[in-house]
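In what follows, a single structure is set out as C-alpha cells and then discussed.
Protein chains: 2
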Amino acid sequence: MAVATDRYVDYRLSLSLVGTVVKYLAAAPLFPVLVAIYYGESVVPFVATSAVMVAVGLLLEQLSDDSDLGHREAFLLVSLSWLVIPILGTVPYLVAGNGVFTGPVAGPVNALFESMSGFTTTGSTVMGSISFDTHSRALLMWRQLSQWLGGMGILVLMVAILPELSVGGAQIMNEEAPGISIEKLTPRIQETARALWKIYVGLTVLAALVYFGLDAVGLGTNMGAYNAVAHALTTLPTGGFSPEGRSVEAFSPAIQWAFVPFMVVAGTNFALFWYALDGRVDKLTGNAEFRSYLAVMGLVTAALTALLFTGLGISGATPNVGTIPGNIEHSLRQATFQVAAIVTTTGYASMDFNSWHPVAQTVLLFAFFLGGSAGSAAGSIKIVRWVLVRKAMYRSLFTSVHPDAVEPVRVGDEAVAEETLRDVFVFIMIFLTLFVVSTVLLYVDSLFVDGIDLTGLQAMSVAIATLGNVGPGFGAVGPMNSFELFSAPAKLYMVFLMWIGRLEILSVLVILTPAYWRS
Amino acid sequence: MAVATDRYVDYRLSLSLVGTVVKYLAAAPLFPVLVAIYYGESVVPFVATSAVMVAVGLLLEQLSDDSDLGHREAFLLVSLSWLVIPILGTVPYLVAGNGVFTGPVAGPVNALFESMSGFTTTGSTVMGSISFDTHSRALLMWRQLSQWLGGMGILVLMVAILPELSVGGAQIMNEEAPGISIEKLTPRIQETARALWKIYVGLTVLAALVYFGLDAVGLGTNMGAYNAVAHALTTLPTGGFSPEGRSVEAFSPAIQWAFVPFMVVAGTNFALFWYALDGRVDKLTGNAEFRSYLAVMGLVTAALTALLFTGLGISGATPNVGTIPGNIEHSLRQATFQVAAIVTTTGYASMDFNSWHPVAQTVLLFAFFLGGSAGSAAGSIKIVRWVLVRKAMYRSLFTSVHPDAVEPVRVGDEAVAEETLRDVFVFIMIFLTLFVVSTVLLYVDSLFVDGIDLTGLQAMSVAIATLGNVGPGFGAVGPMNSFELFSAPAKLYMVFLMWIGRLEILSVLVILTPAYWRS
Ligand SMILES: [K+]
Ligand SMILES: [K+]
C-alpha cells in the first residue's frame, strides 16, 4: 500500500478521479430511459441526469492529470465519491418535479435523502405514498437501480473496468467494501473486482427469474416482469426499496418465502460464492462467519416465531394480525422473513411489524446491530466482528485464570492480529457512540414535529435504521410509513448517518480529523 | 501475584476463608440491635443473624487450615463471599417475618433479592410499601447497613483487619474493587485497605452531620438523626436504599442539594482523597478520570435541565410536575440530582422520573451505562473505561492515516498497556451482551405477570438497573415503585445480575468456565 505522508493531501487528484467515476456512471440512467420508453413515460429526468453526470465528470477531471494515488488520496476519493454520486442521483427526483414528495420539506432535501438512502442501500424513504399513480415507473426503477449500483460498490465496479484505478485499487476496495478487509481472490485486484461483480449480476438475474417464474407458474400475485426486476435490484444489494407501498406484503406467501434465501445470499460474503463456483464448496460451508451468521439468524428466528405463535409478540390493540397467533406457517414465515430482512439489513417487510408487541420489536431492535457478513452489501456492525468479539471474550476468560498463556485469537486456522481486534473493538464503540448521540438528537428534534410521537424504542430505531443502513424502524418510521415528516436538519443529519454508515465510519471520520490534512 | 496453575483448585481453602470473613461480620448486626433497643423493637432478628453468622463461619473455617491463597482460590474466595454473605443477610428479613414483603412470592426469594440488592449497593427493592408502620426501624437500618458494608468492600475491610488475608490481599482487593485495578497507596496492602476504609468512615460521618445539621438549622424537613444516619449509610456506598417510600423527595430542596456533592464524592476514586488529604490536591484535580467524570455529568445535566425547563422532557399526561417547566431552580435541581444519582449508580430519586417524557428517560437510560469512577463503590461500566475507549478511538483515527505511527494510549503521563485496553473492551462487550440477553429474558418473563406492562425502554431499564447496580428503572420498576411483582425466576435471575455486576463480571464468569477448574 503506497503511503504518502511526506506531502500535502492532493485533493485535486481525488476530485479528478471522482470525475472519472461520475463520467462512466452517466451510463446508468440509460436503464430508466428504456423503462420510460417502454411505458410511454418522460425520458427527460434521466437524459438530464446523464448529461449532468457527463458534464460534472469532465469538469472534475480537469483538476489534475496526475495518477499517483496515495494512501490519503484514496480515502478522499472513496468518501467524496459517496457524497458526489448521491448528490448527482437527486437529479431525476428534482426534474420529475412536483408530486414526487408529499412532505413539508423542500424538494432538494427530500431528493438528497432518497438518493443517499438509495446508493447506501439503506432503504429509508421520504416518499409519503408510493404508487404508480403518483410516480412514474421509470423514476421508481431509478430508485431501485441506485441501490443495486451502491450495493456491490460503485468503486469496486470502477476498479473492475478502469485501468486508472488499478494502482490504489486494493485500498479503494477496502475502504468501500463492508467488513474488515477485502479478500484478494486473484493476483490482480482488477480481476477480483470483476469476479465479484459477475457473481453479483448473476445472482440478481437469478432472483428476477425466480420471482417472475413463481408468478408465471401461478404461485404468485402481482409479480410481473417489472416488479421481478425491481425487487431483484434491491434484494442482492440488501437495499430494501420497493415500488410497492406495502413492500413485500404485496406478494403471495410463496414469493415471500422465495425472498428469504436471496436475502440470506445477499448478506453472505460474495468471495465465498467465488470459491464455491470454483469447486471449493467447503470454503463456504466451513467459513466461521457464514456458520455464525446462519446460527444467529436461526436463534433469533426461533425466538420470534415463539413470540408470534403464542401471541405474546403481537400487540393486543391491533386487529389486522388475527391469523398469526396459533398459525405455525404464518408465524414462521413472518419471523423468518423479518429476521432475514433485518439481520442482512435489507429492510423489506412482509407485514407491518408496527403491529407487533414491543417485546418482539425489542428483539428485532437488537438484531439491527448484527449486520450481515463482511464482503456482502450488508450494513451495520457485521457478523465477523461479533465472531471476533466472542472469541476475544473467551480468551480473556481463559487468560484471567492462566495469565501466562496468552494465545492469539483464531478464526478457522488463522491467527488474528491484535491490531485487527483493536480496530474491531474501536469500530463497535464508535458505532454505538454514534447510535446513542443520534438517538438523542433525532428524538429531541422530533418533539418539534406535529405528527411524530416516538417512544424511546422507536427513537432508537430511527438512529440505527439509518446509521446501520437497515431502512425502516418502528412507529412513525415503520416499514409502511415514511421519514417524510422529519425536519430538514434531521433529514440532513440522517443523510450524514447513512453516508458514514455505508463507509463503515472510519473512512469518513478520518478525513474530518486535522491529522489527516497535516503533512 | 501468586500463580498456582499446577494443581487443583483448593476450594476448601477458599470456603474456609469465607468462614473467617463471615465470623467477623457477625459483629455487624449489633448496630441494628442498638437501634432496636433505642426504639423498643425486637432484637431477635439481629441476634439470630449474628448467631447464624458465627455458627456458619466456624463451620466453614473447619474445612481447611491451609493459608497459602493461590490465584484461583482468591477468585473463588471473592465470588463465594459475595454469595454467602447476602444469603446470610436474609436472616433479619426472614426472622422479622410476615409483613416485610407484600409481594406474591414466598419470603426467601424476596429476602435474597433485598439482601443481594443491599450488599451489592444496587438499591432495587421488592418491598411494596416502605414505612415505619409496617417495618421496624431496626430492620430498615439493617437494610441501609448492608449497603454501607458492601460499598467499600467487605473483603477490603477484612484485608484491613485480618492478617490472614495479607498474602493474597492485593488480588482480593483487585477482584472486589470496581475499576481496572486498585491503586496501592502504601507499601503494605493492609495499610492501603485501612486508609480507604478510614476515608469512607470519615465521609459517612460527615454526610450524616451535614444532613442532620441542615435540618437542625431549619433548612430541612423530616431529617432527624435516624434519617441522617440511614441516608449517610447509603450515600457513600452509592447504594440508594431509603427508609422513606418516596426516597429523597421526602426532604427539602436544601437537603436534596446537599445530597449532590456527597453522591459525587461517593462516585470518585477514594484513593484520590487519600492523596488530597496528604496535601497532593493536584492528584485529585488533575486526574483524567475525575475530570471526565465531572465533565460528563455536567454535559448530561445541561441537556436534562434544558429538557425539563422547556417542558419537552415532561410527559404531557402527568399533572403532578406542574412547577418544573419554566422554573430554573426546580429544573436544575431535578436534573443535577438525578444525573448525579444515576451516573454514580446511587439510584436515589428527588422526584418520580416516571412522570418524565420518554425523551428525558432515554437520556437517563444511556447515562445508566456510564458508571462512577474506578476505586469508588459505583457500579456499571465506569468512567475510566470510557476514557480509555475514547483515547483508543482517537488513536485509531490517527493511525489509519499514519499507519506507521502506532503509539501507546496515554492517560496523564502513563502509557496504558495494550492488554489493559483489551480487557476494557472485552469487559464492555460482555456487559452489553448481558444487558441485551437480560432485557429480552426479563421482558418475556414480565409478559406473564399481571400488573407489569413494560415498554421497550422500561424493559431495558430493568436489566441495566440491576446489572449496573443502579437500583430503580422506569415504569413498573420506577423509583417510587418496586420489583415485587416479578416472578420468582426473574427475581433470582436479577440476584445473579446484581452479583455478577458488583464483581464486574469476570471474577464470577471465570469460576463458571471449565478452564478454571482444570489443572
Ligand atoms: K437496507
Ligand atoms: K445503587
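Going down the list, the protein sequences come from chains A and B.
Going by the numbering used here, the first sequence opens with residue 1, and the numbers climb by one from there.
Going by the numbering used here, the second sequence opens with residue 520, and the numbers climb by one from there.
Beta carbons are placed, not taken as given, at the ideal position from N, Cα and C, and that holds for glycine.
Below-8 Å beta-carbon distance, residue i vs any chain A residue
i, result
"Gly798 (chain B)", "no"
"Thr881 (chain B)", "yes"
"Ser915 (chain B)", "yes"
"Leu1022 (chain B)", "no"
"Val963 (chain B)", "yes"
"Ala515 (chain B)", "Only positions 520 to 1038 of chain B appear in the structure, and residue 515 (chain B) is not among them; the question remains open."
"Thr985 (chain B)", "no"
"Phe1005 (chain B)", "no"
"Phe550 (chain B)", "no"
"Tyr812 (chain B)", "no"
"Leu536 (chain B)", "no"
"Thr711 (chain B)", "no"
"Val959 (chain B)", "yes"
Which of helix, strand or coil DSSP assigns to residue i
i, result
"Ile314 (chain A)", "strand"
"Val930 (chain B)", "strand"
"Ala515 (chain A)", "helix"
Spatial distance of residue i from residue j (CA atoms)
i, j, result
"Val3 (chain A)", "Gln190 (chain A)", "The predicted position of Val3 (chain A) is uncertain, since its pLDDT is 44 and thus under 50; a value taken from the coordinates is nonetheless stated next. Roughly 20 Å between the two C-alpha positions."
"Leu1016 (chain B)", "Ser892 (chain B)", "20 Å"
"Phe789 (chain B)", "Phe309 (chain A)", "53 Å"
"Leu145 (chain A)", "Pro32 (chain A)", "8 Å"
"Val359 (chain A)", "Ser315 (chain A)", "9 Å"
"Ile983 (chain B)", "His750 (chain B)", "23 Å"
"Leu294 (chain A)", "Gly371 (chain A)", "12 Å"
"Leu80 (chain A)", "Met53 (chain A)", "15 Å"
"Ser64 (chain A)", "Phe369 (chain A)", "41 Å"
"Leu595 (chain B)", "Tyr211 (chain A)", "59 Å"
"Arg518 (chain A)", "Met158 (chain A)", "29 Å"
"Val343 (chain A)", "Leu299 (chain A)", "12 Å"
"Ala1034 (chain B)", "Ala726 (chain B)", "45 Å"
"Ala712 (chain B)", "Asp450 (chain A)", "58 Å"
"Tyr612 (chain B)", "Phe290 (chain A)", "52 Å"
"Leu577 (chain B)", "Leu536 (chain B)", "10 Å"
"Gln977 (chain B)", "Phe950 (chain B)", "18 Å"
Beta-carbon proximity check, residue i vs residue j, cutoff 8 Å
i, j, result
"Leu544 (chain B)", "Ile649 (chain B)", "no"
"Asp871 (chain B)", "Gly997 (chain B)", "yes"
"Thr609 (chain B)", "Ala630 (chain B)", "yes"
"Gly347 (chain A)", "Val470 (chain A)", "yes"
"Gly559 (chain B)", "Gly642 (chain B)", "no"
"Thr238 (chain A)", "Ser115 (chain A)", "no"
"Gly412 (chain A)", "Ala288 (chain A)", "yes"
"Gly128 (chain A)", "Glu484 (chain A)", "yes"
"Ala785 (chain B)", "Leu755 (chain B)", "yes"
"Leu365 (chain A)", "Met480 (chain A)", "no"
"Thr285 (chain A)", "Thr974 (chain B)", "no"
"Ala378 (chain A)", "Leu421 (chain A)", "no"
Proximity test, Cβ basis, 8 Å: residue i and chain B
i, result
"Pro472 (chain A)", "no"
"Ala2 (chain A)", "In this prediction, Ala2 (chain A) has a pLDDT of 41, which is less than 50 and means its spatial position is unreliable; nothing more can be read from the coordinates."
"Met173 (chain A)", "no"
"Pro489 (chain A)", "no"
"Glu418 (chain A)", "yes"
"Gly456 (chain A)", "yes"
"Leu312 (chain A)", "yes"
"Leu315 (chain A)", "Residue identity check: residue 315 (chain A) is Ser in the sequence provided, not Leu. No, its Cβ sits nowhere closer than 8 Å to a Cβ of chain B."
"Met429 (chain A)", "yes"
"Pro408 (chain A)", "no"
"Leu447 (chain A)", "yes"
"Tyr516 (chain A)", "yes"
"Asp423 (chain A)", "yes"
By the 8 Å beta-carbon criterion, what residues does the region 561-593 of chain B contribute toward chain A? His590, Arg591
Margin query: Please identify, using Cβ separations under 9 Å, the residues of the region 867-891 of chain B that lie next to chain A, in order along the chain.
Written below: His876, Pro877, Val878, Gln880, Thr881, Val882, Leu884, Phe885, Phe888
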